[in-house]
Amino acid sequence: MSRVLQAWSSMSSRSRFFVRRLRERLWVKPLMICLLSIAAAFTAGLADQFEFEYIPEISRESVETLLSILSASMLVIAVFAVGAMLSAYASASNAATPRTFPVVVSDDVSQNALSTFIGSFIFSIIAQIALMNGYYEEQGRFALFLLTALVFSVVILGFVRWVDRIARLGRLGSTIDKVEAVVINTLKQRARHPTMRANKAGEFETGIAIYADRVGYVQHIDVAKLQRLAEQQDFRLQVAAMPGSFATPGQALAYINGVIDDEAAIASIKEAFILGGDRTFDEDPRFGLVVLAEIASRALSPAVNDPGTAIDIIGTLLRMFVIWTDNYEEVDSEAVEFNRIAVPELSASDMMDDAFNAIARDGAGTIEVALRLQKTFEALALLENNNIKVAASQHADYAYKHAELALKLDEDIATLRSAMAWKNAVS
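Read in my numbering, the sequence shown has 501 at position 396, and its numbers run on one by one without any break.
Shown next, in the form of C-alpha cells:
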C-alpha cells in the first residue's frame, strides 16, 4: 500500500510541476477554450432532438446577425489584446527584471480574457457555418441564440476585467506584488516541510556520487520516486543538489549509501532531478529572494535612482522572513514520509545573502536605504529563530561596512552607527 501511495505522490508531484509550466504558456488556455467553443456550437444542435411545449421563435437572420457582429469584432479585439499584453510584459521586464516574466505571463485574468476573445471568435465562425448549412432547426436556433447571448455577456465582463488588469500589469508595484505572492507561497511550503518530507541531511553517511548528465538548474526533485527506488534497490540517498542549484556533469546530484550496480536504476535516479535552463519559483524560495533583490538593485542604479522602491522591497523581504519563522516546523525524524532520503535544509544565512547583500552594496551610499536595512536587521534579530538572529547580526555588520565606505558625511555615518545600538541589547 505504501508503494502505491508513493507512486501516486510521485506522479502527482511531477504532474503539478508540468502543469505549472503549462500555465506559463499563452497558448494553453486559448486552445482549451477553442475546443470548448467548437463543442458548444455543435451541442446547441442537440436541442432539436427534444420536444418542448413552447419555444420562442428565433429567426435565422437574427442569429446570423449576432454571430456576424461577434466574429467581426472578436478577432480585432484578440489581436489588440495580444499587443497590449506583450507591451505590458515588456514594460514589466524593463521596469523590474526579466526573471519576473514567468510570474507576469501567468496572470490568470489576462490569459482568461485572451482565451475568451479567441474562443468567442471560433464559436461565432463555427456556429455561422453550421447555421448556413441548416444544422439547426427551431429548437437548435433558440439554444444557439441563448449560447450567443451568454458569450456576449462573458466577453463584456471579461473585457472590463481585462482593461482594469492590463492597466496595472506592467507597473512595477504590480510586478513586485505578484512576485511576493508567489515567493510567500513557496516559503510557506518549504517552512512546513524543510526537508521536503525526508530526513535531515547528515542522517547517514554519503557514498557513491550520482552526477548530472547535462548542464542546467535543478527545477524539481521527485522525492517520492527516489524513495521508491531506494526501497527497491535497498540503499539510502542524500540529495546534494537542491532546487535552484546549478548542476554540471562534474557536480553530484546525490550520494548513495549502499550498493547499486543497476544502470537503469542510476538513470532513474537522474531522471528524478528535472533540470532546465532557468530557475523557477515553485520549489526554489531563494530564487524569489534573488529576484526581489535584483529589482531593488535596479531601482538603486544611477539610471533609475528610486530608493523608495528599494525601501519598499526591504519591507517585503522582512515580511517574508517573518512568514518563514511563523510557519517553520522542526523535522520529526520519526514522522518523515521518505525515510530513505535525506535532504538539506535551507540556510538562513544563505537566504539573507540572497535577500540583502546586493541591496546593502548598491544602496550603501543612500542613508535612507542604509537606515532601513539596519531597522530590518533589528526586527529580524528579535524573531524566535536563532539562525536568523545570528545571520541578522552578521548582515548588519556587512551592510554597515559598505555604508561606511560609501557615505560622504560624518553625520550620516554617526546616524547609521547609532541605528546599530540594537546589537548591544540583543547580544
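A virtual CB, placed ideally from N, CA and C, is assigned to each residue, including glycine.
Cβ neighbours of ALA370 within its own chain (closer than 7 Å, five residues either side excluded): LEU334, GLN338. Here ILE313 has ILE361 as same chain residues with Cβ atoms under 6 Å from its own Cβ, once five neighbours each way along the sequence are excluded. Annotation for ILE361: the continuous beta strand (DSSP E) segment containing it runs 357-362. GLY363 is a Cβ neighbour of ARG341, given a cutoff of 8 Å. ILE419 is the residue among ASN304, ASP437, PHE147, ILE419 whose C-alpha sits nearest the C-alpha of GLU483. For ALA447, the closest alpha carbon among the candidates SER454, ASP455, ALA453, VAL436 is that of VAL436. Looking at the DSSP output, LYS305 bridges to VAL448. Comparing C-alpha distances from TRP267 to each of PHE185, ILE227, TRP527 shows the shortest one belongs to PHE185.
Between ARG295 and LEU485, the alpha-carbon positions lie close to 19 Å from each other. Scanning ARG302, PHE392, SER211 for the CA closest to the CA of VAL124 turns up SER211. For TYR322, the enclosing beta strand (DSSP E) has its first and last residue at 321-326. Every alpha helix (DSSP H) of 4 residues or more that sits fully in the region 225-288 is shown, in chain order, as 243-274. Under DSSP, PHE351 shares a beta bridge with TYR322.
The closest CA to that of LEU488, considering only SER406, GLN154, THR430, is found on THR430.
Using a Cβ distance threshold of 8 Å, ILE143 and SER176 do not count as a contacting pair. Around the C-beta of MET237, fewer than 16 other C-beta atoms lie within 10 Å, and the residue is accordingly described as exposed. For the beta strand (DSSP E) assignment, the uninterrupted runs of no fewer than 3 residues enclosed by the region 368-436 are, from N- to C-terminal side, 378-381.
Secondary structure at ARG341: strand, using DSSP grouped into helix, strand and coil.
Taken through DSSP and simplified to helix, strand or coil, ALA524 comes out as helix.
Just so you know, the alpha carbons of ALA453 and SER225 end up roughly 50 Å apart. Here VAL284 is actually not in contact with VAL214; their C-beta atoms are around 17 Å apart, not less than 8 Å.
Rounded to the nearest angstrom, the Cβ distance from PHE392 to ARG384 is 4 Å, consistent with a contact under 8 Å. Annotation: TYR159 is outside any alpha helix (DSSP H) and is labelled neither H nor E by DSSP. Boundaries of the alpha helix (DSSP H) around ALA193: 165-200.
Contact between ALA465 and LEU478 is confirmed by a C-beta separation of about 6 Å, below the 8 Å threshold. A buried status is given to GLN244, since no fewer than 16 other beta-carbon atoms sit within 10 Å of its beta-carbon.
A residue is called buried once 16 or more other Cβ atoms fall within 10 Å of its Cβ, and ALA286, having fewer, is exposed. Beyond the five residues adjoining it in sequence on each side, ALA508 comes within less than 7 Å, by CB distance, of ALA469, ALA475, LEU521 in the same chain, given in chain order. Exclusion of the five residues before and after ARG121 leaves no residue of its chain whose Cβ lies closer than 7 Å to its Cβ. By the Cβ criterion, the region 189-204 is not in contact with the region 255-263, since fewer than three pairs of Cβ atoms, one from each stretch, lie closer than 8 Å. If you look at ALA314, you'll find it in the beta strand (DSSP E) that goes 313-316.
Taking the CA atoms as reference points, ASN490 sits about 14 Å from PRO299. Apart from sequence neighbours up to five positions away, the residues of its chain that approach GLN216 with a beta-carbon distance below 6 Å are LYS134, ordered along the chain. With contacts defined by Cβ atoms closer than 8 Å, LEU249 and VAL168 form a contacting pair.
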